[in-house]
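If you want my numbering, it's the 1-based position in the sequence shown plus 176.
Note that beta-carbon positions come from the ideal geometry of N, C-alpha and C, so glycine has one too.
Report on the structure given below.
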Amino acid sequence: MAMRKAVWGVALGMVALSAAAHAEGVKPTPVPTLQKPGFDQIREADLRADLTFLASDALLGRMSLQPGDDAAVQWIAAEFAKAGLQPGATDAKGAPSWYQIVPLVEYRPNPAANGLTLRIGAAEQSWKAPDVLGGYRDDVDLTAPLVFAGYGITAPGVGYDDYKGLDVRGKVVLVFEHEPQENDPASRFNGTGNTRHATNRVKALNAQAHGALAVLVVAEPNRKHPSNLERVNRIGGSARRVPPLPGQALPDDELRIPVLTVSDAVGAALLAKAGMTPQALQSAIDTGLAPQSRALAETSVALHLENTSRTRGVSANVVGLLPGSDPALAPETVIISAHHDHDGSTTGNGGPEIWHGADDNGSGTVGVVALARAFMANPVKPKRSILFTVFAAEERGLLGSYYMAMHPLRPLATTRAMINFDMIGRNEEASDQTTGLIEIPKDTTNRLNLIGATYSPDFNRAVQAANRSIGLDLDDRFDHENALNVFFRSDQFPFVLKDVPAMWFNTGFHPDYHHTTDTADRINYPKMTKIVKLAYLSAWRFASEAAPPAFVPDPAGH
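Shown next as structure tokens:
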């Protein structure tokens, strides 16, 4: 803990120096003349007007597969067309289209029926919610041997593999959340920050690649923070909706096996035949990055998952293209993105409750639209092409962005950078999301969090350089924490998994996050305007400089 406080002290000290420099009146770098016309088109009044509409009662919280979100999709496409972009996709007949159609399955798990049964020899134990949580787009009935696979990670670049010498074909795999040594600033897994390997989806894809039938995830027994489930339950708001929000999934998702979360008590019972306690297993792994994976003698599990309803529908990623001006570089791409959906509404005796989603993520959506207008208003165009993208179904599990990463509209190998907006409109404040987990600076009225910089220092340097014309206080705290899982909670992450240099611009959490009170009147519009202008200048650099940012596959700690 002392080391962690020291790290935060250094970070906050650097931030203080940055703020002091601005306070002393350091002159901003002039905006390049050739970029100035578009820069001047980014206006606070336009952002306010657009967001007031997008977060209004009329759109009923923009729930994926509901009419309010469909209206948002149509509005974005209309604004892209008015700005003068080209459609970025094609329809089923091959004609140009503003929409990359995203097929979805919506399902409602049956918690009364869903459960897990453990068999050790002749003895049986069974659990249901809240000890076993999760759902799957299809009904599942399976019985298979259980295997412990440590953290479930295969990371050749870090020299670590929980599956080395382990046969999981036709079996269910139990893994810990997160990754080894997460409280060690010198860990090869990005020090105290999360890497790509920390998310359950990556663990499940890895288990699937090794032949597993399902994955059970239990929180690290020696953790210094709330588990993922405990953290979500702290938020309230949409997380506690009655009835719960339905699940949604991609019918052709590359992940084809169920993933369930189990409680600490269930995890301990599942590991009864491991020969070590869960705490000792984690300690043995963390001490020297020494995998402790093993078969569990006489141990098998039965999973039963069913849904009370299951329907199909479609949403859309809205995409507009600005072709590059240099014939040699135009095939290369910079993506500017956000997501258009939020958590919808419910109807009670007192009338509808609406999750307006002004900051999350009306702010990002109108930011992308503003940038489309700005680039198209600029007489000179960047050398590389820019794909303006507003994703579907982010709140349901980054589904639109995972879909595009699986079905790219332009080659990912020549996608040079991605700027993702998600919550760019508020001042960061203490909330149930963050209290006790991360320190918040006293003054956040001019602060922007940059998330994902460790995967591309070149990207970070370009944004820092562009910021000399803007003067925001840039903060990378979320790249060095592991309690909030921030790194893999927005639409840049599926592209990071494909080795695309990508960064998430974010102004932090606040008490209105995922509550009905996230409304347009609470936005800090002057700061939001500065953030959109920073993205404009940064995107120009990515789209025009000779050397695009490099991607670092395995960032190490320090």
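Name the DSSP beta bridge partners of I329, please? Bridge partners of I329: none, in fact.
Report all residues from its chain with a CB closer than 7 Å to the CB of L235; omit the five preceding and five following residues, and keep chain order. Result list for L235: G244, A247, A248, in chain order.
What residue does the beta strand (DSSP E) around D462 start on, and which one ends it? Here D462 belongs to no beta strand (DSSP E); instead the alpha helix (DSSP H) covers 454-464.
C-beta contact flag for H515 and G543 at 9 Å: No. Outside cutoff.
Residue ranges of each beta strand (DSSP E) run of no fewer than 3 residues wholly in the stretch 525-598, ordered along the chain? Counting only runs of 3 or more, we get 527-530, 561-567, 591-597.
Tell me the rounded alpha-carbon separation between R416 and A696. For R416 and A696, the distance between alpha carbons rounds to 23 Å.
First and last residue of the beta strand (DSSP E) that includes N643? Looking at the DSSP string, N643 is not in any beta strand (DSSP E), and its letter there is neither H nor E.
In three-state terms, what does DSSP make of N382? In this structure, N382 counts as helix in the three-state DSSP scheme.
Could you work out which residue in Y578, A732, M704, D619 is closest to F664 when comparing CA atoms only? Of the listed residues, the one whose Cα sits closest to F664 is Y578.
Quick one: what's got a C-beta closer than 8 Å to Q455's C-beta in the same chain, skipping five residues either side? If we look at Q455 and ignore the five residues flanking it on each side, its Cβ neighbours are P397, N398.
Pairwise C-alpha distance: G628 and P731: One C-alpha to the other measures close to 10 Å.
Counting only the same chain and skipping the five closest in sequence on each side, list residues whose C-beta sits under 7 Å from that of G260. Excluding five sequence positions before and after G260, the CB atoms of its chain that fall closer than 7 Å to its own CB belong to M552, given in chain order.
Roughly how many angstroms lie between the CA atoms of R637 and L650, to the nearest whole one? Inter-residue distance for R637 and L650 is about 12 Å (C-alpha atoms, whole angstroms).
At the level of alpha carbons, what is the spacing between A192 and L294? Below a pLDDT of 50, predicted positions are generally treated as unreliable, and A192, at 39, falls in that range; the measurement from the model is reported next regardless. For A192 and L294, the distance between alpha carbons rounds to 54 Å.
From which residue to which residue does the beta strand (DSSP E) around M679 run? Residue range 678-682 is occupied by the beta strand (DSSP E) that includes M679.
Would you mind reading off the limits of the beta strand (DSSP E) that contains V349? V349 -> beta strand (DSSP E) spans 348-352.
If you reduce the DSSP assignment to three classes, tell me which class A715 lands in. Helix at A715.
Please name the residue, chosen from G310, L505, N409, that lies closest to I562 on a Cα-to-Cα basis. Measuring from the Cα of I562, the nearest candidate turns out to be L505.
For E721, does the three-state DSSP call read helix, strand or coil? The DSSP-derived three-state label of E721 is coil.
Comparing alpha-carbon positions, which option in E255, T591, P587 lies nearest A548? Closest by alpha carbon: E255.
Can you give the beta carbon distance from Y712 to E220, rounded, assuming they're within the 8 Å contact cut? Not a contact, Cβ separation roughly 14 Å.
Closest to E300 by C-alpha separation, out of L292, P306, L223, would be which residue? It is L292 whose Cα lies nearest to the Cα of E300.
Measuring only the C-alpha atoms, how far is P555 from R410? Going by the C-alpha atoms only, they are around 49 Å apart.
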